[in-house]
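Here is the structure we will look at, set down as structure tokens.
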Amino acid sequence: MGFPTSTLLSLIGEIHQSYFASPASYRRLIKSEPSAVQGRVSLAAKHPSALEAIPSATFYLKELVILQKAEFAIKATDAGIMHPQEAQRATAEARTTGDPKPWAQQIMTKASQDARRQPWKSSFAGQEINMLCPQAADIIRAVAPFSFLNLSLLISIVERVYQQPPHQVIMERGAFRYLKWQDLYTIEKPFQVLIDLPNDAEDKRQSNIEFYDGPEVDITDVRGITHGPEIDTHGFTYLQHDSCLEPGHFLDKGMVQSKYLPECEVLLRHILDGVDEVHFFNWLVRDTSSVPAEGKQVDINDPLARVGAARVAHIDQTFESAVDRVYLELPSKAEELLQGRLRLINLWRPINGPVESFPLALCDGRTISPDARVEADRIRRKYTGGTTFVLEEPGQTWYYLSQQQNNEVAMFKNFDSDDDVTKYAPHCSFVPLSQDPSNRPRQSIEVRALVFTYSCT
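1 is the number of the first residue of the sequence shown in UniProt numbering; add one for each residue after it.
Structural data, given as structure tokens:
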């Protein structure tokens, strides 16, 4: 039995009048009766053949496209993925062309990009997003005229991509290693000598630093939170990035320098605001099957020395050493560069994921008090660098990403000269209570970059 023409016309007319009489009223209607409005649109969309039999059906077909597109635009605006002005332009475009295909393609592209950059915005993660977006792309590329049924399906796909997952915070338990405070530090700065001491050295100490294992604390799994950490608010963020390198390529210096570092620069420029220049000054591969790094002498000039996991809570730089690093790396233009904004950014990713042991934990930089930061000298053969260790203190908020995959990158700060944002994110690896001793050792690569924003003066 065919779909009653009169009923279909009534449905379209009712929706048409409610929207074009007052977009604000239509918006309220969607919010107050979403199922009713969606039901009307979907019902009409499922019976295009009935519309085609109606005289002047083109008018109704076009109006239905406009209505669906307007509804989509409103939902996109509410989800924070489309500015209200963009939504108005989209609706105006639909009235002019009646063709939602280019617009739908644009929105799906943005949906895919956002889902990759901020996976916590989506109820789907990793490979599920990769499966979802091609499905939408197939709909967009449909050879047949863009059907209302396909448009409805596309709307539902984007709704799923941007659906906010239930707020179910997942906590892990684990312990960090901390610097042990000594009264000695009131008269002598903490230090670590990373070279062999000469036989005639008066002070034979390699270090005056001691570490200890702190108590178990809660560590928030980023996969279980609705709104993920942000680089200028928390000091770190997570994003998805597919490298052109296979896992084995990260053990090839030439491949890392010629392929991966340029990828990292593109990533930094894409995520951070106001990037004028990027200079990579260090990268290294870590392997948790190696002897732990702290207190050990390693060839710091060999990025493939495969040092162990960094188990002590720390920030890679001190404020002074961050500035010194610019003079060390770029002496001819350091003065000019330091007139603008300086950021020291790390990019960290596993290369044999998913991570099953010693995941990287990051601390919300806002929860670290100034008194909990202790600067230390790290003495090398050609220069003395600096590291900031973190003292155990109540109220510190730690995060990690469970089962971190090779295409999931942690981006975090070690220094930012901008006083209006969070300047750093303390970090270290830890052993989750749920970690099985037989789990596969973790291999990872981290890249350190100087990021400059030129001065406007």
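Ideal placement from N, C-alpha and C gives every residue a C-beta, glycine not left out. Predicted, not measured: the structure shown is a model, and the values here were computed from it.
| Query | Result |
| --- | --- |
| Return yes when the Cβ of Ser434 is within less than 8 Å of the Cβ of Phe358, no when it is not. | no |
| Please classify Val266 as buried or exposed, where buried requires at least 16 neighbouring CB atoms within 10 angstroms. | exposed |
| Evaluate Glu446 with the Cβ neighbour count: other Cβ atoms within 10 Å of its Cβ, from every protein chain shown; 16 or more gives buried, anything less gives exposed. | buried |
| Decide if Ser35 is buried, meaning its Cβ has at least 16 other Cβ atoms within 10 Å, or exposed. | At Ser35 the pLDDT is 47, less than 50, meaning the model places this residue with poor confidence; the figure from the coordinates comes in the next sentence. That one is exposed. |
| Let me make sure I understand the geometry here. Which of Glu277, Arg311, Gln257, Lys423 has the alpha-carbon closest to that of Ile368? | Lys423 |
| Quick one: complete alpha helix (DSSP H) runs, 4+ long, within the stretch 266–349? | 319–329, 334–337 |
| Is the separation between the beta-carbon of Ala410 and that of Tyr260 shorter than 8 Å? | no |
| Of all the options Cys456, Arg349, Gly386, which has the alpha carbon lying nearest to the alpha carbon of Leu338? | Cys456 |
| Kindly confirm or deny that the stretch 168–185 and the stretch 334–350 touch, where touching means at least three C-beta pairs closer than 8 Å. | no |
| Starting from the C-beta of Arg440, find all residues in its chain whose C-beta is less than 6 Å away, skip the five residues before and the five after it, and write them out in chain order. | Glu356 |
| Go through its chain and collect everything with a Cβ distance to Thr318's Cβ below 6 Å, but skip five positions before and after it. | Glu375, Gly386, Thr388 |
| So what does DSSP say about Leu397, is it helix, strand or coil? | With the sequence shown as reference, residue 397 is identified as Thr, and Leu is not the correct amino acid for it. The answer is coil: DSSP assigns Thr397 none of H, G, I, E or B. |
| Following the continuous beta strand (DSSP E) through Arg205, name the residue where it begins and the one where it ends. | From DSSP, Arg205 is part of no beta strand (DSSP E); its letter is neither H nor E. |
| What residue range is occupied by the uninterrupted beta strand (DSSP E) comprising Thr387? | 384–390 |
| Drop a sphere of 10 angstroms on the beta-carbon of His227, count the other beta-carbons inside from all chains shown, and report buried for 16 or more, exposed for fewer. | exposed |
| Can you tell me whether Gln257 is buried or exposed, with buried defined as 16 or more other CB within 10 angstroms of its CB? | exposed |
| State the Cα-Cα distance for the pair Thr453 and Asn301, rounded to the nearest angstrom. | 28 Å |
| How many Å lie between His427 and Ala201 at the Cα? | 34 Å |
| Excluding the five sequence neighbours on either side, which residues of its own chain have a C-beta within less than 8 Å of the C-beta of Asp377, listed in chain order? | Lys189, Pro190, Phe191, Gln192, Thr384, Gly385, Gly386 |
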